[in-house]
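Counting from 9, one number per residue, gives the positions in the sequence shown under my numbering. Just so it is clear, CB atoms sit at the ideal spot from N, CA and C, and this is done for glycine as well. To start, the structure under review is shown below, and the notes come after it.
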Amino acid sequence: MRRVVVSARRAARHSCRLCSSSASEAWDGPSFRLHKRRGQHLLTNPRVLDAIVRRAAIRPGDAVLEVGPGTGNLTVRLLASPAASVAAVEIDPRMAAAVAARARDLGLAHKLTVTTGDAMKVDFPEFDACVSNIPYAISSPLTAKLLFGSYRFRTATLLVQREFARRLVGAPGHGEHNHLATNVRLVAHVSLLMDVSKNDFVPVPGVDSSLVEIRMKEVRPTEVEPGISLDEWLEFARVCFGQHQLQQQQEKKKKRKKKEKTLGTIFKQKEMAMELFRLSRIDEERIGNASSSGRDAPHDVNNADDRCDEEGDFSKEEYVVFKERIAGTLQSAKLNNERPSMLSNDDMLRLLRLFIKRGVRFH
Ligand SMILES: C[S@@+](CC[C@H](N)C(=O)[O-])C[C@H]1O[C@@H](n2cnc3c(N)ncnc32)[C@H](O)[C@@H]1O
């Protein structure tokens, strides 16, 4: 692993010398090497650091979460803000110690809690605002963790790779739109706050960055619309965009990643069709049980010889009929040959409505 020979102290000093905030000027921490594999590109332009905190619009009394504080160039500004507390999660123990020492030197340690660990594995404390220059390698999973986990917060102001930012705010059909973006916009408003040059970091990374604001909708919907739960929508979107765990397992087995599939192809995949069949049967049984207790469930197949041994307790005919139902739904929606990234949210909702109407369930 190539090590980047830039000391954290130099990176912080560069920031401190020019810094307009007195909070960061006293730090003179240890010198250590920065690792690219950890995304350790420290943001050192004080004007940009100040602007991030300003744009984050922290309110008095806020609990702030920072993922990947590094040596604390952003952290010291967050500590000097009206925030009541800052909880930082940092994977590198050297960085965690450095940021804690820096807060101590500034007399602001009482506002800071540092957890040493992987942000994807630790539970975050409750927070009102997340303000972070995040490690770009975990942009997607971290955004998903923040938005679809159980956290209730107001805003996440994140410095991310510019392409990722464009995808998050991008419109469908522009090639910069993806599954995560579709779902993020269901629960939050996303906007681009400013672009940041790669030259504002030490060491200089290969890519430019952008600051995005993810503002959570006041009421997180349990339903996307009457009759369609958010959970069902999220599962449906996962399937459409090949993110279901069964699809991911299949993808890993292949040597080369194929180009994006049409919906017709996606829904023909055996593992996926089987999983949807299973879920749909559970749903039908639930409905059957609710409407007439004691009656046989609709798919209870009496002739054991006719059961499909390999695939569970159902007949091959039932499964074939189910697959035809899926194909028929796609055809009547005229979306068989469409690729998911080209669909608008409205098209996707229209398709999900049709699936549900015909008893194809995703959750
Ligand atoms: C881009 S640097 C940002 C440093 C600092 N916030 C700044 O702006 O100068 C990303 C930081 O995230 C840390 N990091 C990388 N992967 C992480 C993970 N999975 N969980 C928590 N921190 C991580 C790195 O060690 C590094 O300190």
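Near ligand 1, meaning a Cβ closer than 6 angstroms to any of its heavy atoms, lie the following residues in chain order: R46, G47, Q48, H49, L50, L51, V75, G76, P77, G78, N81, L82, V97, E98, I99, D100, M103, D126, A127, M128, N141, P143 and I146. Excluding sequence positions up to five before and after E279, its CB lies within less than 7 angstroms of the CB of L254 and Q258, all in the same chain and listed in chain order. The region 127-144 makes contact with the region 94-103; the number of CB pairs closer than 8 angstroms reaches 3 or more. A contact between stretches requires three or more CB pairs, one per stretch, nearer than 8 angstroms, and the region 61-71 fails this requirement with the region 40-48. Under the DSSP assignment, S218 falls in the beta strand (DSSP E) whose first and last residues are S217 to M224. Across the structure, T52 and D216 are spaced so that their CA atoms are roughly 14 angstroms apart.
Remark: C-beta atoms of T270 and N345 approach each other more closely than 7 angstroms. Contact annotation: F363 and Y327 have beta-carbon atoms that are not nearer than 7 angstroms. When DSSP assignments are scanned along the region 56-84, the uninterrupted stretches of beta strand (DSSP E) that are 3 or more residues long and fall wholly within it turn out to be 71-75. Contact check for A59 against S93 fails: the beta carbons are separated by 7 angstroms or more.
The Cβ neighbour count for S140, taken over all protein chains shown within 10 Å, is at least 16; the residue is labelled buried. Here A127 carries a coil assignment [DSSP, helix/strand/coil]. Each residue's CA atom was taken as its position, placing T151 and R223 some 12 angstroms apart. Annotation: G235 to L338 spans about 20 angstroms, alpha carbon to alpha carbon. Per DSSP, reduced to three states, the secondary structure at I142 is coil, with no helix or strand assignment. In terms of Cβ geometry, M103 and G78 form a close pair [threshold 7 angstroms]. For R63, the CB contacts under 8 angstroms within the same chain, skipping 5 residues up- and downstream, are T165, L201, M202, L219 and E221 in chain order. For the pair H371 and E283, the CB atoms are not nearer than the 7 angstroms cut-off. In this chain, the beta strand (DSSP E) harbouring V168 covers T163 to Q169. A check of alpha carbon separations from D208 across G367, P54 and R366 identifies P54 as the nearest.
The alpha-carbon of G47 is positioned some 10 angstroms away from that of I146. In the displayed model, I99 falls within coil according to three-state DSSP, outside both helix and strand. DSSP places T52 in the coil class of the three-state scheme, outside both helix and strand. Per DSSP, reduced to three states, the secondary structure at V212 is coil, with no helix or strand assignment. Burial of T163 is indicated by the presence of at least 16 other C-beta atoms within 10 angstroms of its C-beta. In this structure, the straight-line span from the alpha carbon of P348 to that of A189 is close to 13 angstroms.
The three-state reading of DSSP puts L351 in coil, since its state is none of H, G, I, E or B. Under the three-state reduction of DSSP, T273 is assigned to helix. Where R246 is concerned, the enclosing alpha helix (DSSP H) starts and stops at L238 to C248. The residue among F172, G250, L155 and I290 with its C-alpha nearest the C-alpha of P229 is L155.
In this chain, the alpha helix (DSSP H) harbouring R333 covers K324 to S340. Excluding sequence positions up to five before and after R170, its CB lies within less than 7 angstroms of the CB of D203, V215, D216, S217 and S218, all in the same chain and listed in chain order. The DSSP-derived three-state label of T230 is coil.
Rounded to the nearest whole angstrom, the C-alpha separation of P213 and N81 is 17 angstroms. Ranking V61, L114 and L359 by CA distance to the CA of S89 puts V61 first. The beta carbon of D355 is closer than 7 angstroms to those of L343 in its chain, skipping five residues each way along the sequence.
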